[in-house]
Amino acid sequence: MLQVPIKKIKLFLVDDHRMVIDMWSSLLGADPKFEIVGSALNAEAALADIQTFLPNVVLLDITLPGVSGIELAKSLREKAPTVKILGVSMHTNIILIKQMLMNGASGYVSKTSSFDEMRTAIISVYEGQRYICRDVKDYITNQVISEQQSDPAYRINQLTKRELEIVNMIKDGYSSREISEKLFISKRTVEVHRYNIFKKLDINNITSLIRVTNQAFPRG
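So the sequence shown is residues 1143 to 1362, counted in this note's numbering.
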């Protein structure tokens, strides 16, 4: 029985460091799924060679000297629209990654990504899918969580019903003793609630308490 030859994904590598290109060539070239058809150290050489070789996927460093990877991606979208682009960089710069994707790239992987993830990314992009590496997804998730946790409304929502009650009484000028008398709890319990409120809101005085609550629930 004749074996049907595996159709290889033709790759072109663009990075301004020869060591990186050699590493990619060694790892990816050893995979029967891929064929390295060319490489370039700068955008000018890459643009000419890519139009000649017409690879399936270009691994493109975002931060090239001179003409950047983003500018090259834009040129390739116009001059070699069938070529898929996978952006690569050492940096998790969301602005640059977004610009790369908006200018023609179908995916992004970090240079710290594993070989398995890079392989998955290349195949995904070749098949017409989008691919964003795990490092970037984790970074975005952590950034969203950090922004969320710094939001006054989010912090206020972490307070219990009793703590919110005490917050309003503190804002109205009641002392711990007066709060304890009105709520029929000990002054010590009020102080514990007060400590927990300040800790959850990441504040240390009543002025900050008023500021945070006003930011969370602005009037007008």
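All residues carry an ideal CB built from backbone N, CA and C; glycine is no exception.
message: Using 8 Å as the threshold, is the C-beta distance between LEU1202 and GLY1211 below it?
response: The residue you call residue 1202 lines up with position 60 of the sequence shown. The residue you call residue 1211 lines up with position 69 of the sequence shown. Contact: yes.
message: I need the straight-line Cα distance from SER1322 to ILE1352, nearest angstrom please.
response: For the purposes of this step, residue 1322 is taken as residue 180 along the sequence shown, with counting starting at 1. For the purposes of this step, residue 1352 is taken as residue 210 along the sequence shown, with counting starting at 1. Cα to Cα, the separation comes out at about 20 Å.
task: Identify every residue that forms a DSSP beta bridge with PHE1176.
output: As a position in the sequence shown, residue 1176 is number 34, starting the count at 1. BP columns for PHE1176 point to ILE1151.
message: Within the continuous beta strand (DSSP E) that includes ILE1227, where are the two ends?
response: By 1-based counting over the sequence shown, the position of residue 1227 is 85. Counting along the chain, the beta strand (DSSP E) containing ILE1227 begins and ends at 1226 to 1231.
Residue from PHE1257, PRO1223, SER1255 whose Cα sits closest to the Cα of SER1248: For the purposes of this step, residue 1248 is taken as residue 106 along the sequence shown, with counting starting at 1. Per the Cα distances, PRO1223.
- prompt: If you scan the region 1247 to 1329 from start to end, which runs of the alpha helix (DSSP H) of 4 or more residues do you find wholly inside it?
  reply: Under the rule that a run must span 4 or more residues, the alpha helix (DSSP H) segments found entirely inside the region 1247 to 1329 read 1257 to 1268, 1276 to 1292, 1294 to 1298, 1303 to 1313, 1318 to 1325.
query: What did DSSP end up calling SER1210 once you bin it into helix, strand or coil?
result: Start at 1 with the first residue of the sequence shown, and residue 1210 comes out as number 68. If DSSP states are grouped into helix, strand and coil, SER1210 belongs with coil.
message: Taking the alpha carbon of TYR1337 as the reference point, which residue from VAL1179, ILE1312, ASP1157, ASP1191 has its own alpha carbon closest?
response: As a working note, residue 1337 is residue 195 in the sequence shown. The shortest C-alpha separation from TYR1337 is found at ILE1312.
query: When burial is assigned at 16 or more other CB atoms within 10 Å of the CB, is VAL1334 buried or exposed?
result: By 1-based counting over the sequence shown, the position of residue 1334 is 192. It counts as exposed.
- prompt: Any C-beta of chain B sitting closer than 8 Å to the C-beta of GLU1177?
  reply: As a matter of chain content, chain B is missing from the structure shown, which is built from one protein chain.
message: Need the endpoints of the beta strand (DSSP E) that LEU1201 sits in, please.
response: Reading the sequence shown from its first residue, position 59 is the one you call residue 1201. Counting along the chain, the beta strand (DSSP E) containing LEU1201 begins and ends at 1199 to 1203.
message: With a threshold of 7 Å on Cβ separation, who are the neighbours of VAL1274 within its own chain once the five nearest residues in sequence on each side are excluded?
response: On the sequence shown, position 132 is the one that residue 1274 refers to. Checking the sequence shown, residue 1274 turns out to be Ile, not Val. Contacts found: GLY1249, TYR1250.
- request: Return the residue from the list VAL1199, LEU1206, THR1205, SER1252 that minimises the CA-CA distance to LYS1226.
  value: For the purposes of this step, residue 1226 is taken as the residue at position 84 of the sequence shown. Taking only the C-alpha atoms, the option nearest LYS1226 is VAL1199.
query: Just the Cα atoms here: how many angstroms apart are ILE1308 and LYS1253?
result: Taking the first residue of the sequence shown as 1, we reach residue 1308 at position 166. Taking the first residue of the sequence shown as 1, we reach residue 1253 at position 111. Between ILE1308 and LYS1253, the C-alpha separation is close to 51 Å.
- prompt: Quick one, which of GLU1269, ILE1345, ASP1280 has its alpha-carbon nearest LYS1149's?
  reply: For the purposes of this step, residue 1149 is identified with residue 7 of the sequence shown, where counting begins at 1. Closest option to LYS1149, Cα to Cα, is GLU1269.
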